[in-house]
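See below for the structure under consideration.
Now the structure itself:
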């Protein structure tokens, strides 16, 4: 595999045209993060056209530009002209994949895919010499090929999270990254605007199996919706290796026991008939289930299981996905669980149940924002959380958004509650009501903007827990 791409290689891969000979050391789609020596990809989006930023890219050190139309500049810049910049980027990524000896492991699911990817990365870094994974949620038709293009030459494992909003999207991604192991974390109600039903979500997510080799491995949560559909598809594709995990008795890797001791989860599981045990931070049972998929991967590749379990034990939740931090606001020290990146019925339920298990010396406060992209059943899914909220034993409820407003109205006045349509008034009330020792969960879809509450008090952070 080449890590330094020259113009002739890229011209051949993309069937494009060049104006001179050149060599680049990487790829960038954003001038703000472009590194000297990169090739700038002038992608066209719904709101931006990368061709407008080409001059800026070369000012910042770009060695060439991947373009689909002429550049009107006085200076002649090195370029590779193609019919479609995105298609060319995907072709380059696929060629890198074909040239690589790295193990490619792909993860998808309605919930838990980013956490599973990161947990797997941390565990495998204790075993493999170089592990590469896509950054953040670079999981779409742009992010996945870009992540492959940025893979170090010496990488022995590449872990990719695959996301989707429509049927066919994950299949297209697997044609680029050609995984040998595929993990499906869950089939839940999300992306319903584009897919409408759980069955279609299952069909879309299971596309991750479509380009697995026959000796590859399918790993999936046996407790999830449409697990039988996934299993049947794996059998239809004649995959030799299928590993299930979950709480069901017939799971290959089964969660056996979970208890809290010394501020941590003590976890027992049965893996292919053998008992294994490890410790994890109190993050919620859903995170324990995610860890089982990492263990399943370890079994498939015959990794040192002690190192895998140590890696799982060391996992820390990324910011915005349930991370816990302490803050000092007006002299009052509180703990906040930041789960503001996303929310859907499955993840909200898991977060609330996890919050119930965490002890607090002060009040337990929940701030909930709307769950987005649930389509015509949005109100139904929100209203179903009345009893869940009441069962968690919280002291104060804050809500934000038009759907959470309807939930707010169903909650009896015996529970202290407040609804706001903007962050500023919510934050003002929040600061006035908290006391030292309080524990707060903040959760909502990214688009509802609760992340800005965290950003507002960032300067008050004491430490991450």
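Numbering (this note's numbering), first residue to last: 838 to 1302. The beta-carbon is built from N, C-alpha and C at its ideal position, and this holds for glycine as well.
Do residue 1046 and residue 1038 count as a contact pair if the criterion is CB distance below 9 Å? In the chain shown, the residue the question calls residue 1038 occupies position 201. In the chain shown, the residue the question calls residue 1046 occupies position 209. Result no, Cβ atoms of residue 1038 and residue 1046 do not sit closer than 9 Å.
Candidates 920, 842, 1276, of which the one nearest residue 1200 by Cα: For this step, residue 1200 is matched to residue 363 along the chain shown. Looking at the Cα atoms, 1276 is the closest of the given residues.
Using a Cβ-Cβ cut-off of 8 Å (strictly less than) and excluding sequence neighbours within five positions of residue 1229, which residues of its own chain qualify? Numbered from 1 along the chain shown, position 392 holds the residue referred to as residue 1229. The answer, listed in chain order, is 1189, 1190, 1192, 1193, 1201, 1203.
Judging by CA-CA distance, which residue of 1243, 925, 1298, 1093 is the nearest neighbour of residue 1174? As a working mapping, residue 1174 is identified with position 337 in the chain shown. It is 1298.
For residue 1109, count the other beta carbons within 10 Å of its own beta carbon; 16 or more makes it buried, fewer makes it exposed. Which is it? Residue 1109 sits at position 272 when you count from the first residue of the chain shown. Looking at its Cβ environment, which holds fewer than 16 other Cβ atoms inside 10 Å, residue 1109 is exposed.
Segments assigned alpha helix (DSSP H), at least 4 residues, entirely inside the region 943-1011: At a cut-off of 4 residues, the continuous stretches assigned as alpha helix (DSSP H) that sit fully inside the region 943-1011 are 950-961, 980-986.
Smallest Cα separation from residue 1290: which of 1271, 1301, 1267? Along the chain shown, one-based indexing puts residue 1290 at 453. Nearest Cα to residue 1290 within the set 1271, 1301, 1267: 1267.
Which first and last residues belong to the alpha helix (DSSP H) in which residue 1224 is found? Position 387 of the chain shown holds residue 1224. Segment 1223-1228, the alpha helix (DSSP H) holding residue 1224.
Residue burial classification, residue 1071 (beta-carbon count within 10 angstroms, cutoff 16): Looking up residue 1071 in the chain shown gives position 234. Classification of residue 1071: buried, given that the 10 Å Cβ count is 16 or more.
Counting Cβ pairs closer than 8 Å, one from the region 1143-1150 and one from the region 956-964, do we hit at least three? Result yes; three or more Cβ-Cβ pairs closer than 8 Å.
Just verifying my parser: in three-state terms, what is the DSSP assignment at residue 839? As a first step, residue 839 is located in the chain shown; it is residue number 2 there, counting from the start. Confidence is the limiting factor: at residue 839 the pLDDT is only 43, short of 50, which leaves the residue's position unreliable and the question unanswerable from this model.
Cα-Cα separation, residue 878 to residue 867: One-based indexing of the chain shown puts residue 878 at position 41. One-based indexing of the chain shown puts residue 867 at position 30. Taking the straight line joining both Cα atoms gives about 8 Å.
Considering only residues of the same chain and omitting the five flanking positions on each side of residue 839, which have a CB-CB separation below 6 Å? The sequence position of residue 839 within the chain shown is 2, counting from 1. Because the pLDDT at residue 839 is just 43, under 50, the model does not fix this residue reliably, and the point stays unresolved.
In chain order, each alpha helix (DSSP H) run of at least 4 residues that lies wholly inside the region 1167-1221: Runs found: 1182-1194, 1215-1220.
Using DSSP's beta-bridge definition, name the partner residues of residue 1066. Working through the chain shown from its first residue, we reach residue 1066 at position 229. Assignment of beta-bridge partners to residue 1066 by DSSP yields no partner.
Does the Cβ of residue 889 lie closer than 8 Å to at least one heavy atom of the ligand SAH? Among the components modelled here there is no ligand, and therefore nothing to report on the ligand SAH.
Residue 1035 by DSSP, collapsed to three states: which one? The residue given as residue 1035 occupies position 198 in the chain shown. DSSP, read as helix, strand or coil, puts residue 1035 in helix.
Leaving aside the five residues before and after residue 1132 along the sequence, list all residues of the same chain whose C-beta is less than 8 Å from its C-beta, in chain order. Position 295 of the chain shown holds residue 1132. 1082, 1090, 1106, 1108, 1113, 1142, 1145, 1146, 1149, listed in sequence order.
What residue range is occupied by the uninterrupted alpha helix (DSSP H) comprising residue 1126? In the chain shown, counting from the first residue as 1, residue 1126 sits at position 289. 1122-1137 is the extent of the alpha helix (DSSP H) around residue 1126.
Mind checking residue 1023: buried by the 16 CB within 10 Å criterion, or exposed? Here residue 1023 is taken as the residue at index 186 of the chain shown, counted from 1. Residue 1023 comes out buried.
I'd like the list of long-range same chain contacts for residue 1137, defined as Cβ closer than 7 Å, with 5 residues on each side in sequence excluded. As a first step, residue 1137 is located in the chain shown; it is residue number 300 there, counting from the start. For residue 1137, where only same-chain residues beyond five positions count, the Cβ hits under 7 Å are 1018, 1054, 1078, 1080.
Minimum C-alpha distance to residue 1185 - residue among 1005, 1219, 959: Within the chain shown, residue 1185 is the residue found at index 348, counting from 1. Closest by alpha carbon: 1219.
Could you spell out the range, first to last residue, of the alpha helix (DSSP H) harbouring residue 1148? Within the chain shown, numbered from 1, the residue matching residue 1148 stands at position 311. Per DSSP, residue 1148 is one residue of the alpha helix (DSSP H) stretching across 1142-1150.
Between residue 1085 and residue 1060, what straight-line distance do the alpha-carbon atoms span, to the nearest angstrom? Working through the chain shown from its first residue, we reach residue 1085 at position 248. Working through the chain shown from its first residue, we reach residue 1060 at position 223. In this structure, the alpha-carbon of residue 1085 lies about 6 Å from that of residue 1060.
Give me the Cα-Cα distance between residue 996 and residue 954, rounded to the nearest whole angstrom. The count along the chain shown starts at 1 and reaches residue 996 at position 159. The count along the chain shown starts at 1 and reaches residue 954 at position 117. Answer to the nearest angstrom: the Cα atoms are 7 Å apart.
According to DSSP, simplified to helix, strand and coil, what is residue 1271? Position 434 of the chain shown holds residue 1271. In the structure shown, residue 1271 sits in coil (DSSP, three-state: anything other than H, G, I, E or B).
Between the CA atoms of residue 985 and residue 930 - distance to the nearest angstrom: As a position in the chain shown, residue 930 is number 93, starting the count at 1. As a position in the chain shown, residue 985 is number 148, starting the count at 1. So the alpha carbons of these two residues sit roughly 6 Å apart.
Give the single residue among 904, 862, 914, 1008 whose Cα lies nearest to the Cα of residue 920. Locating residue 920 in the chain shown gives position 83, counting from the first residue. That would be 904, whose Cα lies nearest to the Cα of residue 920.
Delimiting residues of the beta strand (DSSP E) encompassing residue 1057: The residue given as residue 1057 occupies position 220 in the chain shown. Residues 1054-1058.
Below 9 Å between beta carbons: does that hold for residue 889 and residue 922? As a position in the chain shown, residue 889 is number 52, starting the count at 1. As a position in the chain shown, residue 922 is number 85, starting the count at 1. Not a contact, by the Cβ cut-off of 9 Å.
Given a cut-off of 9 Å on the beta-carbon distance, is the pair residue 928 and residue 979 in contact? Looking up residue 928 in the chain shown gives position 91. Looking up residue 979 in the chain shown gives position 142. Going by C-beta atoms, residue 928 is not nearer than 9 Å to residue 979.
Have a look at 1074, 1052, 1042, 1157 and flag the residue whose alpha-carbon is nearest the alpha-carbon of residue 1349. Residue 1349 cannot be examined here, being either before or after the span of the chain that is shown, 838 to 1302.
Residue range of the alpha helix (DSSP H) that residue 864 falls in? Taking the chain shown and counting its residues from 1, one reaches residue 864 at position 27. Element bounds for residue 864: not the alpha helix (DSSP H) but the beta strand (DSSP E), 863-865.
Identify the continuous alpha helix (DSSP H) that holds residue 1335 and give its terminal residues. A query on residue 1335 cannot be resolved here, the shown segment of the chain reaching from 838 to 1302 and no further.
Checking the sheet assignment: what are the DSSP bridge partners for residue 1253? As a working mapping, residue 1253 is identified with position 416 in the chain shown. DSSP lists 1233 as the beta-bridge partner residues of residue 1253.
Nearest-angstrom Cα distance between residue 914 and residue 898? For the purposes of this step, residue 914 is identified with residue 77 of the chain shown, where counting begins at 1. For the purposes of this step, residue 898 is identified with residue 61 of the chain shown, where counting begins at 1. Computed Cα separation, rounded: 12 Å.
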